[in-house]
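> The opening residue of the sequence shown carries number 0 in numbering that gives the first Met the number 0; numbering runs sequentially from there. From the three backbone atoms N, C-alpha and C, an ideal C-beta is built for every residue, glycine too. These figures come from a predicted structure and were not determined experimentally.
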Amino acid sequence: MKKLEYHMFITITKKETRISYRFIVFYTERVFYTEGVSDEAKITILSTCDLPKYESLEYPISHPNHHVEYHLTSGYCNGIHCLDARLLRNSQDYSYFDEIIFWNPTTREVKLLPPNPRAPTGNVICFGGFGTSDPDTFDQFKYIQIYMVTDDNNIAIVDAELYDLNSDSWFVIHDIHDSYFNVNTIPALNFIAEAYCNGLYHWLSGDFTFILCFDFRCNKFRTIKTPSTTKFCRIIVANDCIAYLAYESHDSSGDLVEIWNLKQDESWVKQCKIGPVETGIYIRALLNDYTEFLAEPVFDEMPLYNSRGQLLRKFDIPAQYYYFCIYHHVETIAPLSL
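Okay, structure coming up:
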């Protein structure tokens, strides 16, 4: 009898493997109620797996009876965030007060910074940056706060103060040059023109000609010349270094984005060119060795594109255009108590 032979054919379908990331996203959402419309501060942890996961976090409010009007991020370092919030004290007369906190979203620990005793009042522009003097440790957190006043011709520096978590106190910073602050070069304060990386906080100047840095290791300011100036430029953190994004008009299909990386010796190396991307699409995070990027949310969705500007996915992040900030989410048990 002839032996039967069985042949089994297995078809293997190769499925594209996509790396999953976790981000923490700070944004303002427009919420509609029967009695009106409210812009509400939101915090979401996003996991970009095949079926995206969304975890909502509450702002760690220090005054439970008060409403958070908005919160701004002033930097992220080693899993710790610095938030600057405005809270509604009294809904009758709409009186507000501000607070600055260091926050660990993993342990939910909060450190409320003491008020700056030298903070000026009145018509003052204020901005700050958060970081550490030793990126390899978890107890050297600092916050630099800069105050400016304006007149018809230029911008004058008022004060710069440094908060040190170790001493729980503020110190005056005297290393300031007026040339850093004028009508043309005042830092572009819009959340995608500033970033902390490797012991320094960076602000891109409004005319895109230099980056103002504060070095938390020596508590001094300095500047770094940018590699190019185009119609629109921004800085973000990518691959543990500062990435400079220079947008230039391409054709009717959109813009090309030239990406430069800042090296440790503070020189620039051209990394790649992305696009064309549709005009008005702004890169907020570079992924997979710069082959993909997340852009600012549009119509309540945050899009993911490849480096050729082709849409890959969308995530449900209903952010308003005027405030949106995204960071890689790193869990840490770093304590904030003294």
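Where do the ends of the beta strand (DSSP E) carrying Tyr326 lie?
Element bounds for Tyr326: 323-327.
> Can you tell me where the beta strand (DSSP E) with Lys224 in it begins and where it stops?
Where Lys224 is concerned, the enclosing beta strand (DSSP E) stretches over 219-224.
> Round the Cβ separation of Leu43 and Ser55 to the nearest angstrom and send it over; I've been treating them as touching at under 8 Å.
According to the sequence displayed, residue 43 carries Thr and not Leu. Right, their Cβ atoms sit about 6 Å apart.
> Run through DSSP, which three-state label would Ala318 get?
Three-state DSSP puts Ala318 in coil, outside helix and strand.
> Would you list the one or two residues that DSSP bridges to Gln139?
According to DSSP, which records beta bridges pairwise, Gln139 is partnered with nothing at all.
> In terms of alpha-carbon separation, which member of Val157, Leu161, Pro317, Val171 lies closest to Phe180?
Of the candidates Val157, Leu161, Pro317, Val171, the one whose C-alpha sits nearest the C-alpha of Phe180 is Val157.
> State the CB to CB distance for the pair Tyr326 and Ile23, rounded to an integer number of angstroms; the pair is presumed to be in contact (CB under 8 Å).
Contact holds; Cβ gap of about 5 Å.
> Could you tell me which of Asp254, Ile332, Ile210, Trp259 sits nearest to Gly308, measuring between CA atoms?
It is Asp254.
> Using the DSSP secondary-structure output, state which residues sit across from Thr27 in a beta bridge.
BP columns for Thr27 point to Ala40.
> Quick check on DSSP: helix, strand or coil for Ile9?
Only weak support exists for where Ile9 lies, its pLDDT of 38 falling under 50; the coordinates are left without a value.
> For a quick check, are the C-beta atoms of Tyr322 and Phe96 less than 9 Å apart?
Going by C-beta atoms, Tyr322 is not nearer than 9 Å to Phe96.
> Just checking, does the stretch 103-112 make contact with the stretch 326-336 on the three C-beta pairs under 8 Å criterion?
Counting Cβ pairs under 8 Å, three or more are found: they touch.
> Going by DSSP, what residues sit across from Cys196 in a beta bridge?
Paired residues: Leu199.
> Roughly how many whole angstroms lie between the Cα atoms of Pro59 and Asp38?
Those two C-alpha atoms are separated by around 18 Å.
> Could you give the first and the last residue of the continuous beta strand (DSSP E) run that contains Phe213?
209-214 is the span of the beta strand (DSSP E), which, as asked, contains Phe213.
> Mapping the DSSP letters down to three states, classify Asp177 as helix, strand or coil.
Asp177 falls in the helix class under three-state DSSP.
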